[in-house]
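Encoded as structure tokens, the structure appears first; notes follow it.
In my numbering, the protein residues as written are 716 to 777.
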């Protein structure tokens, strides 16, 4: 098996950077449309976590 030439390695790197750029572009487009849903889920998880912590602290006193 022949070792890969430098141009082959660089060309593969160019394709990798191009593919990563396209994936990041579509990911940011998707994220810009659903960011409010993720924020809502995060707030809901934070509220539930705070309620659980508060409930455990108050129930330990009894």
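We put the beta carbon where it would ideally sit given N, CA and C, even for glycine.
Note that the coordinates shown come from a computational prediction; the quantities given were computed from them, not determined experimentally.
Just the Cα atoms here: how many angstroms apart are residue 734 and residue 727?
11 Å
Which of the three DSSP states is assigned to residue 717 in this structure?
coil
With C-beta atoms as the reference, is residue 753 less than 9 Å away from residue 746?
yes
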